[in-house]
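Participant: Could you have a look at this structure, given as structure tokens, before my questions?
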Amino acid sequence: MKNEQIGKATSRVDGRAKVTGEAKYAAEFNVPDLTYGFVVSSAIARGKIKSIDTSKALAVNGVLQVFTHENRPGYVWGDEKYQDKDSPPGSPFRPLYQSEIQFSMQPIALVVAETFELARYGASLVEVAYKQDAFDTNFEANIEKAYVPEKYKSTPPPDPRGKPEKAFADAALQIETEYTHPSEHHNPMEMHASVAVWEKDGKLTVYDKIQGVDNSQQYIANAFGMDKEEVRVISPFVGGAFGSGLRPQYQLFLAVLAARELKRSVKVMLTRQQMFSFGHRPKTTQRLAVGAAEDGKLEAIQHDAFAETSKFEDYSENVITWPGVLYKCDNMKLSHKLVGLDVYTPLDMRAPGGTTGIFALECTMDELAYKAGVDPVEFRLKNYSEKDQNQDKPFSSKELKECYRQGAEKFGWSKRNPEPRSMKEGHNLIGWGMAHGAWEATQKEASAKAVLSPDGKLTVSSATADIGTGTYTVMTQIAADTLGLPLQDVTFLLGDTSLPKSPLEGGSWTVSSVGSAVKAACDKVREKLFKLAQQVENSPLKDAKFEEVRFTDGKISLQQDASKAVTITAALKQNGGESIEEQVDSKPADKQDNYAPYTHAATFVEVKVDEDLGTVKVTRIVSAIAGGRVINPKTARSQILGGMVWGIGVALEEEAVMDNNLGRFMNHDLDKYHVPVNADVHDMEVIFVEEKDDIVNPLGAKGLGEIGIVSVAPAIVNAIFHATGKRVRELPVTLDKLL
Amino acid sequence: MAIYKLQINGRSYEVDVEPDTPLLWVLRDNLGLVGAKYGCGIAQCGACTVHVNGNAMRSCVYPVSAASNAKITTIEGLSEDGSHPVQLAWDEVDVAQCGYCQAGQIMTATALLNKNPKPSAEEIDNAMNGNICRCGTYHRIREAVALAATKQK
Ligand code: FES
Ligand code: FES
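These protein sequences, in sequence, are chains F and L. Oh and the first sequence: position 296 is 281 in the numbering used here, straight run, nothing missing. Oh and the second sequence: position 6 is -5 in the numbering used here, straight run, nothing missing.
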């Protein structure tokens, strides 16, 4: 079929908007008569505001108001009013609610002025006196006080299987490790920002940086006691988020509060420093005890995680579920405990839990493979799991073996000398390492609408987001493919609460959830079109059955005889000049319940470590991905490459450093919080192995936003061991740890 | 406050702002030219890159008082319709993911190619090194700069 769009490497439909500066992000909707809010952040980590003097700020000409806990209007302040779709169990932070300080850089005032410069200047004039209390931000000091939460946000650890303690004690080979992953901040390039537009009738239109406009709308409606109809949230472009936009952040609350009080439009954009004042990937220490037979066959796995959370919410993520997914082993015990600190609640960050957990697991398994004297790939083949043992369900599909094979071949793995420090080039020690990984391939409920106008142009919509993932493009392809239309005749709309409901854009479920809804809506249009085509005078399809036709090149034709065809526009003429409009709510099929859907990856890495300086260069990465049917190889490759770059950051660079004297992340800017830059990125190759999956969702596609990152950091750390003979168990692997 | 006359994208503008206001905020808030982005405010990320007299500059640390009489070009002024060779190459390679850093990337690349129409791989890396992309589009940025070099007239 000439017109097939699914599977075609297609450039982003919004690519042009992104190279001309036309694409507008939340802070860029400069509506008339706009005012600007600047947030004042708390200087202490815990205590009380004794007094807050705003008089100097208010005396500045052009400063309109300073909102604090003292003058904010009295709203309903119950916890449930502030819980959003991604809230962990607990009591959510409520901006300007009280004089109590719960974390460093807590927003304590909003200065609103006619210009941004005035607001910022006004903020510098706000004088605050604090009563400082003792605080806990020291993770290490509190780790032994870790607790089991009443309720997990993540999947609760499964019950132990077999006899893990005994099997470990009896095992010929035993290994016990402790790995630590630091706190990390998302740092999308775009700041969190909201523009609350005050409409004449008291309604609000809000431009927000969010991974799901429905979440912001519901949050505003709840917190301010408004009807959802009174709040429209729009977010056409998101300048990266990686999880930071899953929850409405405090700038949204503050912008809406100020707009309602001042009856003016208000923009609040955070500074880069303030981007370190809310959610982050939690610092996590993991202890593993793994036992195996002489030949490397696993006998027992114990995996315990201790992860940071705030004192007011119990954030948890799937850190310790991975052994049950990735390794066959009959004796397993998994636990996840929380370390409550005086910090803001952690927040899902690209492959939450997977990035952390798979790192510790894969490095530990590398240690064990060395102990057993087994090649790391062979070790994984030996312990290959055909089912998700946590749930005791077979995988909906799993082509991980093919990932090992193709990845190893491309990389040249067979030429590896397993001996550490055996490969050298000048000053550089060369190391080759590998790891594998998995990520959930979930489908969620989602809705979509398709409108085919009489001129044959199709508009499809759903209130999802495109955070750089390619949603606009992929949905356009799915719709065009289903109805046999050229791409330019299809428009996909997203990021607007007036559109059909969609889940949050995260968890790698957008293609499978929203994509399935888009397909279902277009399928309904297809049925209608077919009936209309049969009504055309002398229709060659009059006696055809729906199953016998196909939709290609703007035509409906018989599969057996393409000359028997009716054009879509001809069929549409039968509709009395009306558009065809279909909206559907799609949900996962029941049969999915019997299977565990996952994407898989195998990553091979080469590093060069300068023996004298300890600097690490990741010279080569090959990742082979089993992600079901790939809708768009071009955007899919970009997603995986981006994940690989993140893996480099996780392994070598990223760390939010807590100053326990101040209770504050001290490297809160892009100067000192290091993310990968151009010079860190060298040869990278992505392979998509073929994987057929009829169960995972109607498209057979799995999400790719997170699988690209999870196996990269451990592969790098394992390669560093191979190069240097040094096993670094605390990320990031900076040069001081290698010297 | 003082009045500044600015030459931006071939047009004249007049703004009444404090002399130390960064050019970035004048562009974004006073003139509504939001193509240049704020990413760090401390000359560390390149998201705010514009051309001042043909040189790639970080507008977040460039005071407006230094910009009067200069010829300023932003992403909006690179071409009428996205047809600048660098924009075309960017679109063709499909560099952008979220797109937020890309105006800065493109302005840096354009300044490089204006001075050095056939840069080596190393020269490309050196020139592009100060522009952060959190989506990790670096691989394609290199490809696109090299492709743009072949498209330059
Ligand atoms: S905003 Fe100017 S360099 Fe980052
Ligand atoms: S494309 Fe998203 S930050 Fe560069």
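The beta-carbon is built from N, C-alpha and C at its ideal position, and this holds for glycine as well.
For Glu65 (chain L), go through chain F and note every residue whose CB falls closer than 8 Å to its CB, in chain order.
Facilitator: Thr5 and Gly6
Participant: Can you check which of these residues, F:Ser179, F:Pro403 and F:His171, is closest to Asn14 (chain F) by C-alpha distance?
Facilitator: The sequence given here places Phe at residue 14 (chain F); Asn does not occur at that position. Selected option, being the one with the closest Cα: F:Ser179.
Participant: Mapping the DSSP letters down to three states, classify Thr39 (chain F) as helix, strand or coil.
Facilitator: coil
Participant: Going by the CB atoms, is the gap between Val510 (chain F) and Val551 (chain F) shorter than 7 Å?
Facilitator: For Val551 (chain F) and Val510 (chain F), no; Cβs fall outside 7 Å.
Participant: Mind the definition here: the region 62 to 78 of chain F touches the region 327 to 345 of chain F only if three or more C-beta pairs lie below 8 Å; say whether that holds.
Facilitator: yes
Participant: Ala(-6) (chain F) and Pro471 (chain F): beta carbons closer than 7 Å?
Facilitator: no
Participant: Using a Cβ-based criterion (distance less than 6 Å to any ligand heavy atom), does Cys29 (chain L) qualify as near ligand 2?
Facilitator: The answer is no for Cys29 (chain L).
Participant: Out of L:Leu13, L:Arg131 and L:Ser68, which one is the CA nearest neighbour of Pro52 (chain L)?
Facilitator: L:Leu13
Participant: Kindly confirm or deny that the region 271 to 290 of chain F and the region 57 to 67 of chain L touch, where touching means at least three C-beta pairs closer than 8 Å.
Facilitator: They do not touch, by the three-pair rule.
Participant: Just how far apart, CA to CA, sit Met(-14) (chain F) and Ile672 (chain F)?
Facilitator: Note that Met(-14) (chain F) scores a pLDDT of 44, beneath 50, so its modelled location is shaky; the value from the coordinates is reported in the next line. So the two alpha carbons sit approximately 25 Å from each other.
Participant: Please list, in chain order, all residues of the same chain as Gln203 (chain F) whose beta carbon is under 8 Å from its beta carbon, the five residues on each side excluded.
Facilitator: Asp69, Lys70 and Lys213
Participant: From the DSSP output, which residues share a beta bridge with Gln568 (chain F)?
Facilitator: F:Lys434
Participant: Can you check DSSP and say which residues form a bridge with Trp424 (chain F)?
Facilitator: F:Thr584
Participant: Return the CA-CA distance between Ala285 (chain F) and Pro361 (chain F), expressed in angstroms with no decimal places.
Facilitator: In this model, Ala285 (chain F) and Pro361 (chain F) are separated by some 18 Å (Cα to Cα).
Participant: Could you tell me which of F:His171, F:Lys148 and F:Leu103 sits nearest to Leu43 (chain F), measuring between CA atoms?
Facilitator: F:Leu103
Participant: For Ala56 (chain L), is the beta carbon positioned less than 6 Å from some heavy atom of ligand 1?
Facilitator: no
Participant: Kindly provide the ranges of any alpha helix (DSSP H) runs that are 4 or more residues long and lie completely inside the region -8 to 44 of chain F, ordered along the chain.
Facilitator: 0 to 5 and 40 to 44
Participant: From the DSSP secondary-structure annotation, give me the bridge partner or partners of Met408 (chain F).
Facilitator: Looking at the DSSP output, Met408 (chain F) sits in a beta bridge with F:Ile415.
Participant: Where in the region 635 to 704 of chain F do unbroken runs of the alpha helix (DSSP H), each at least 4 residues long, occur, reported from the N-terminal end onward?
Facilitator: 692 to 695
Participant: Could you tell me whether any Cβ in chain F is nearer than 7 Å to the Cβ of Tyr127 (chain L)?
Facilitator: Output row for Tyr127 (chain L): interface = yes.
Participant: Can you list the residues of chain L that Asn172 (chain F) reaches, using a CB-CB cut of under 7 Å?
Facilitator: Arg123
Participant: Rounded to the nearest angstrom, what separates Leu689 (chain F) and Met211 (chain F) at their Cα positions?
Facilitator: Between the alpha carbons of Leu689 (chain F) and Met211 (chain F) lies a gap of roughly 37 Å.
Participant: Measuring only the C-alpha atoms, how far is Glu371 (chain F) from Gly422 (chain F)?
Facilitator: 14 Å
Participant: State the DSSP-derived secondary structure class of Pro476 (chain F), mapped to helix, strand or coil.
Facilitator: With the sequence shown as reference, residue 476 (chain F) is identified as Thr, and Pro is not the correct amino acid for it. Thr476 (chain F): strand per DSSP, three-state reduction.
Participant: Do Ala85 (chain L) and ligand 2 come close, with the Cβ less than 6 Å from some heavy atom?
Facilitator: Ala85 (chain L) has its CB nearer than 6 Å to a heavy atom of ligand 2.
Participant: What residue ranges within the region 489 to 555 of chain F form continuous alpha helix (DSSP H) runs of no fewer than 4 residues, ordered along the chain?
Facilitator: 495 to 520
Participant: From the DSSP output, in three-state form, read off Gly562 (chain F) for me.
Facilitator: coil
Participant: Measure how close the beta-carbons of Pro149 (chain F) and Met317 (chain F) come, nearest whole angstrom, since I'm counting them as under 8 Å.
Facilitator: Confirmed, about 6 Å.
Participant: Kindly indicate if chain F contains any beta-carbon less than 7 Å away from that of Thr10 (chain L).
Facilitator: yes
Participant: Is it the case that the region 216 to 231 of chain F contacts the region 183 to 194 of chain F, given that we only count it when at least three CB pairs across the two stretches are under 8 Å?
Facilitator: In short, these stretches touch, since the Cβ pair count reaches three.
Participant: Using a Cβ-based criterion (distance less than 6 Å to any ligand heavy atom), does Met629 (chain F) qualify as near ligand 2?
Facilitator: Checking every heavy atom of ligand 2 against the Cβ of Met629 (chain F), none is found closer than 6 Å.
Participant: Met46 (chain L) CB to nearest chain F CB: under 7 Å?
Facilitator: no
Participant: Kindly list the residues whose CB is nearer than 6 Å to the CB of Asn368 (chain F), restricted to its own chain and excluding five residues on each side of it in sequence; keep chain order.
Facilitator: Around Asn368 (chain F): Leu283, Tyr312 and Lys313.
Participant: Going by DSSP, name the residue or residues bridged to Ser483 (chain F).
Facilitator: Its beta-bridge partners do not exist; DSSP assigns none.
Participant: Is there a Cβ from chain B that is less than 7 Å from the Cβ of Met317 (chain F)?
Facilitator: The structure shown contains no chain B; the protein chains it does contain are F and L.
Participant: At the 7 Å Cβ level, is Tyr89 (chain L) part of the contact set with chain F, yes or no?
Facilitator: yes
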